[in-house]
Amino acid sequence: AGWTSKSRHDAAYIETPEGLKFVLVIFTENHATEREPIPAIAGKIIEQLSK
Numbered sequence: 012a013g014w015t016s017k018s019r020h021d022a023a024y025i026e027t028p029e030g031l032k033f034v035l036v037i038f039t040e041n042h043a044t045e046r047e048p049i050p051a052i053a054g055k056i057i058e059q060l061s062k
């Protein structure tokens, strides 16, 4: 995980209640000051994988 003046990145090991286990890594560019995109992207991915 980390950020610079132009980018924000994050990584997580995730286990869903259904037993799915995976590593999610998100890299962004030109979104350094925005904190919402990474949790929003992660939430949508987990939501879709849990169906």
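Residue numbers for the sequence shown follow this note's numbering, beginning at 12 and rising by one.
Yeah, the Cβ is synthetic: ideal placement off N, Cα and C, and Gly gets one too.
For A22, the uninterrupted beta strand (DSSP E) segment begins and ends at 19-26. Rounded to the nearest whole angstrom, the C-alpha separation of G54 and N41 is 21 Å. K62 carries a coil assignment under DSSP once its states are collapsed to helix, strand and coil. For a cut-off of 8 Å, the C-beta gap from I49 to R19 is around 7 Å, short enough to register as a contact. Separation of F33 and A43 (C-alpha to C-alpha, rounded to the nearest whole angstrom) is 25 Å.
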